[in-house]
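Notes follow the structure.
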Amino acid sequence: MLRFILVPLFAALVFSSVDARTLRWANRGDPQTTDPHPQNEGLTDNVNQLMYEFLVGRDKKLELVPELAVSWQQIDATTWRFKLRSGVTFHDGTPFTADDVVFSFQRASEPTSQLRVYATASGAPRKIDDLTVEFKTNGPNPIELEHVALINIMSKTW
Numbered sequence: 075m076l077r078f079i080l081v082p083l084f085a086a087l088v089f090s091s092v093d094a095r096t097l098r099w100a101n102r103g104d105p106q107t108t109d110p111h112p113q114n115e116g117l118t119d120n121v122n123q124l125m126y127e128f129l130v131g132r133d134k135k136l137e138l139v140p141e142l143a144v145s146w147q148q149i150d151a152t153t154w155r156f157k158l159r160s161g162v163t164f165h166d167g168t169p170f171t172a173d174d175v176v177f178s179f180q181r182a183s184e185p186t187s188q189l190r191v192y193a194t195a196s197g198a199p200r201k202i203d204d205l206t207v208e209f210k211t212n213g214p215n216p217i218e219l220e221h222v223a224l225i226n227i228m229s230k231t232w
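Start counting the sequence shown at 75; every next residue gets the next number (my numbering).
Rendered as structure tokens:
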């Protein structure tokens with residue numbers, strides 16, 4: 075939703091510089107941070123979704139769909155394996171790999187993260203190869219994909 079507001083707003087600002095006018099914009103608050111892991115608050119999450127992606131996302135019908143993961147499979151009752159999208163780079167040009175996924179989930183599991191309950195429930199991430207990551211949970215997690223869909227992926231080089 076915020077994306078549909080900010081893009082036209084940005085275009086209006088860029089293309090109307092010849093006829094500059096005061097723009098007043100109201101919102102229900104301000105984002106608390108652009109760091110994707112410490113806060114779990116609606117507006118902050120909306121803004122961060124414009125900058126970071128997830129392994130799994132949702133389509134217009136709210137069905138789970140691939141984002142940074144192209145596929146996934148449940149290996150056994152406590153193991154999930156995700157194949158990652160190739161050719162993805164971060165804003166600084168570094169390639170996206172399984173190391174970034176492991177880093178992001180470990181970081182989101184820290185006590186300072188309000189997302190730790192979801193990151194921890196996702197299980198312990200482990201790199202299999204550059205484009206494959208595996209999560210090992212403490213027990214069966216029938217909503218594993220729901221948990222994975224809540225953790226933004228960021229670059230380990232950050």
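Glycine residues also receive a C-beta, built at the ideal position from the N, C-alpha and C atoms.
| Asked | Found |
| --- | --- |
| Taking the alpha-carbon positions, what's the I225 to K157 distance? | 16 angstroms |
| Tell me, which residues are paired with W146 by DSSP? | F156 |
| Apart from the five residues just before and just after T131, which ones in its own chain have a Cβ nearer than 7 angstroms to its Cβ? | For clarity, residue 131 is Gly in the given sequence; the question names Thr instead. Excluding residues within five positions, the ones whose Cβ falls inside 7 angstroms are V139, E141 and A223. |
| Is T96 near P105, with beta carbons less than 8 angstroms apart? | no |
| Between A100, S229 and L219, which has its C-alpha nearest Q180's C-alpha? | S229 |
| So what's V222 in DSSP terms, helix, strand or just coil? | helix |
| I need the straight-line Cα distance from H165 to T211, nearest angstrom please. | 31 angstroms |
| Under 7 angstroms Cβ to Cβ from L189, same chain only, skipping five residues before and after it: list those, please. | H111, N114, A182, L224 and I225 |
| Let me confirm a value: W232 is counted as buried when at least 16 other C-beta atoms fall within 10 Å, else exposed. Which label applies? | exposed |
| For A172 versus I149, is the C-beta distance shorter than 8 angstroms? | no |
| DSSP state of T206, grouped into three classes? | strand |
| Quick one: Cα of T163 to Cα of D204, how far? | 13 angstroms |
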